[in-house]
Amino acid sequence: MRYFIEFSYNGKAYHGWQKQPNAISVQQVLENALTTLLRAPVTVMGAGRTDAGVHAAQMYAHFDFEEPFDMDVLIYKINWFLPHDIAVHRVFEVQDKAHARFNALSRTYHYRISNIKNVFTHDFAYKIHLPLDMDKMNEACHILLQYKEFQCFSKSNTDVKTYFCDIKEAYWMIEGTELTFVVTADRFLRNMVRAIVGTMVNIGLGKLEVDQLHSIIQSKDRSEAGFSVPAHGLFLMNIQYPDTIFNTK
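Reminder that position 149 of the sequence shown reads as 148 in numbering that gives the first Met the number 0, one-by-one numbering, no gaps.
Put into structure tokens, the structure is as follows:
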């Protein structure tokens, strides 16, 4: 049987989602919890890879398990077992070939920037004390939507086969004392959102003109784009799947 698990996490203590030999990851902690509670080895496949320090308000993974179990009981037990910075919200059966990563239709990220010093949001928003021109940054978002290839925003030396991404929406909004960048796409390159935000911050600060974004994207050169903003302001907020994968047999 194949199951999807929906969960969230504060990424501060983790070296990203994916397991690695010499650092703690969210995947490792979740697998250890499931293996302990189900009393059999469990491997989970996540919907994507978040970098060290990045948070997820909604993340999915799938795992296979042969023996039946009470899903409500598992949710209760695993939340007791997991550390305080990972929470499981749902576990549910899906079609046998449903895949948390490859069946995802879109992913939405938020990046939060704070204009004031706030001790309660310090770990969840990038502090910029200089004023940002949000109108110009939203103009830049319109340019972003005109392109499909984003090599200039990709981390160097990655093993991806294509730099094409279909960005469905991109805009800035004001939430209280924070600016939030919202972006939805079918897929994202490594470090892509943080590089886009860094470039737009430079536009908002007047270090770049809005129209320069055209030449930056067309250059396909990471060194032409802006700096990579810190990970702690980035949140994976939503993942969309086709309804068909949730229909059990």
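The C-beta atom is built at its ideal place from N, Cα and C for all residues, glycine as well.
* Proximal residues to R48 (C-beta, below 7 Å), its chain only, five neighbours per side dropped -> G15, W16, Q17
* Using DSSP with H/G/I as helix, E/B as strand and the rest coil, what is L212? -> helix
* Asked: Who are the Cβ neighbours of P229 in its own chain at under 6 Å, not counting the five residues just before and after it?
  -> Y125
* To do: Return the Cβ separation of E5 and Q57 in integer angstroms, given the expectation that the two are a contact with Cβ distance under 8 Å.
  => 7 Å
* Roughly how many whole angstroms lie between the Cα atoms of V43 and G232? -> 26 Å
* Pick from G45, E177, H88: whose alpha carbon is nearest that of F101? -> G45
* Mind checking L129: buried by the 16 CB within 10 Å criterion, or exposed? -> exposed
* Asked: Touching or not, the segment 107-115 and the segment 190-203, by the rule of three or more beta carbon pairs under 8 Å?
  -> yes
* Simplified DSSP state of A55, which is helix, strand or coil -> strand
* To do: Output the distance between the C-alpha atoms of Y59 and F119, rounded to the nearest integer angstrom.
  => 27 Å
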